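Data block below; observations after.
2 protein chains.
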Amino acid sequence: MDMDIVFKALADSSRRQLLDLLYQENGRTLGELCEHLDMSRQAVTKHLAVLEEANLVAVVWRGREKLHYLNPVPLQDIYERWIGKFERQRLHALHTLKTRLEEDDES
Amino acid sequence: MDMDIVFKALADSSRRQLLDLLYQENGRTLGELCEHLDMSRQAVTKHLAVLEEANLVAVVWRGREKLHYLNPVPLQDIYERWIGKFERQRLHALHTLKTRLEEDDES
DNA sequence: TTGACATGCAACCCGCAGGTTGCATATTGA
DNA sequence: TCAATATGCAACCTGCGGGTTGCATGTCAA
């Protein structure tokens, strides 16, 4: 799985805002999403294309309308394969620190 | 807290590789880190500056050597304030789905 | 003291991301 | 059938990210 496109997709605050909008209300249309961003419709389209590429957003056509749905699975992947690793390291460090302190306490 | 610089810092694969290197062995010097990347020392310096800016890496000088230490706290922040939110949504969706299926099962 | 070593600083180059504008296409509803 | 609506496509502009090179600075060791 290519984490890079997901990280790149998340790097832009407008795209994170789009994900947030879909989090608040899923299945929004392009026009609806545009109302919340201060840029042209085409710019929003490009951002959504990046999110689709990263598999963070899925699209369903209803007539002439394009409905956008949030897919949080890649976020889960990033956590499991990336953030979680460092997190476990941190917890281990905290545990080590705690143990050290207790040892110091005893001496 | 400014999540944006952290996301931006994570968006580059070379920088993620640097974090990985520090994860494997903390407190590495600039020269040591350079040995693992296929680019000039100055390029690595710039990447490390971005990571410092995002507070993902802390630096300690020892004589003429610059030691780099990993700080996973911003990663934890990103998870808690960002990924976790969507994750809870997903779990909730799964739970709803499960309940629906069980209801269908009963009918 | 001096040369080698580790790093910093600054200028520069270039591709591409993020934005725009203009026009085309397809669906809807009166 | 036709005008309004929702979106796509393509060309273009511009700033900046990621890289380079050249030289300066500070520290160590003989």
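Protein sequences, first through last, are from chains A and B. Throughout the first sequence, residue numbering follows my numbering, covering 61 to 167 in sequence. Throughout the second sequence, residue numbering follows my numbering, covering 61 to 167 in sequence. Where a beta carbon is used, it is the ideal one built from N, C-alpha and C, also for glycine. As the structure is a computational prediction, the values presented were derived from the model and not from experiment.
Cα atoms of B:Val104 and B:Trp121: separation of roughly 17 Å, rounded to the nearest angstrom. Within the same chain, no Cβ atom closer than 8 Å to the Cβ of A:Glu95 is found once the five residues on either side in sequence are excluded.
The continuous alpha helix (DSSP H) containing B:Glu95 extends over residues 90–96. Residue pairing of B:Val120 in beta bridges, as defined by DSSP: B:Leu127. Contact annotation: A:Asp72 and A:His107 have beta-carbon atoms nearer than 8 Å. Of the candidates B:Met99, B:Leu116, B:Val66, B:Gly91, the residue whose Cα lies closest to the Cα of B:Tyr83 is B:Leu116.
A distance below 7 Å between beta-carbons, with the five flanking residues on each side excluded, links B:Val110 to the following residues of its chain, in chain order: Ala69, Arg75. Taking 8 Å as the cut-off, the beta carbon of B:Leu130 is found no closer than this to the beta carbon of B:Thr89.
Listed in chain order, the non-local C-beta contacts of A:Ala118 below 6 Å within the same chain comprise Tyr129, Asn131, local neighbours out to five positions each way being set aside. A:Gln136 reaches chain B at Ile143, Phe146, Glu147, Arg150, counting residues in chain order whose Cβ is nearer than 9 Å. If you check each beta-carbon in the region 61–75 of chain A against every beta-carbon of chain B, the ones closer than 7 Å belong to Asp64, Phe67, Lys68, Leu70, Ala71, Ser73.
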